[in-house]
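Plus 21 on top of the position in the sequence shown (first one is 1) and you've got the numbering used here. Step one of this worksheet: look at the structure below.
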Amino acid sequence: MADDAFADLANELYELPPDEFTAARNARAKELRGSDRDLANAVGELRRPSAPAWLVNQLARHRSDELAQLLQLGEQLREAQAEVDASALVALAKERRKVVRALAQDAGELAEQLGHPVRGPVLDDVADTLQAAMTDAAASEALLTGRLTRSLEAIGTEVDLTDAVAAWSGADGSARSSRPAPHDEVGEHRAKKQRKADEAEAAKRAAEVAKAEQAASTAEDAADEASARVDDAHAAVKEAASARDELRKALTELEQRLAEAEQALAESERTAGEREQERDAAASTAEAARASADELAARD
């Protein structure tokens, strides 16, 4: 089955780092020309993935559970948008920012683990691609193939998948976008009649979604600011407590030194008193001796 063979080969190639992709693709296409020219042509036309696309492809391979959770959240967001559930949109939009930020950071760590670290702008494109996949169901499916060729971007609630993901087209032996062609179950006349109404409804929903997301962003910013103030207050309290403890320690040391000084002073005063008594006694003895000497001298 050519489509299965193509999928296997494409998966093998899109797992490679971008700088190894072209040589490996050309080699595989050359190998296939003798046995399956259509498949060889399809493989030869595979586009080299951009760095963000390669990294998102690796998330699909190595972080499938986390990616599935992100896309599930995207489905919940789309349902809330369809129902214009403002309260749900606020909560889900906040969760989306948190999840996208975390998975983009995880992508950076994964790139390092795979031996191909990336810079900040690449991770920004990864985050945009993840958010786009949450916005559009077809983009979610494209992401899960692990065969993105470029990063994705949401324009409103739509994501252009032209040449964004490689897929087998069939007998013509070329690779194409995997986005399904839109169904034309109604006639062109009905589509034209509905177009303005659909666009107006989409614009209304987009405005309501944007308003809800702005409210969520404002609330989150306010919460972050309040949290920062609380952290500052806690730091000030901790600093004041530390200063208090230092002062208490210094006061205890001063009190101890004062007690020691008072004790030394008392010892000095007692010693001085004893010396004064000894001096007075010596003076009295000397005086008595002089008196005795004078008396003896007078007798002679």
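Built from N, CA and C at the ideal position, the CB exists for glycine as well.
Nearest to Pro138 by C-alpha distance, out of Lys119, Pro39 and Glu297, is Pro39.
Closest in C-alpha terms to Ala72, from the list Ala132, Ala61 and Ala101, comes Ala132. When Cβ pairs closer than 8 Å are counted between the two stretches, the stretch 61-75 is seen not to touch the stretch 112-119, the count staying below three.
Collapsing the DSSP output to three states places Val121 in a helix. Pairwise C-beta distances place the stretch 75-84 in contact with the stretch 118-133, as three or more of them are shorter than 8 Å. Of all C-beta pairs linking the stretch 179-189 to the stretch 91-108, fewer than three are shorter than 8 Å, placing the two stretches out of contact.
Per the C-alpha coordinates, the member of Gln90, Pro142 and Arg99 positioned closest to Val120 is Gln90.
In this structure, Ala153 sits near Ala160, with a CB-CB distance shorter than 8 Å. Bridge partners of Glu66 according to DSSP: none are assigned. Leu98: member of the alpha helix (DSSP H) spanning Ser85 to Glu104, first to last residue. For Leu37, the secondary structure class from DSSP, reduced to helix, strand or coil, is coil. Arg300 and Glu276 have their C-alpha atoms roughly 35 Å apart. Here the stretch 28-46 lies against the stretch 167-176, with 3 or more beta-carbon pairs under 8 Å apart. 8 Å or more divides the Cβ of Trp189 from the Cβ of Asp29.
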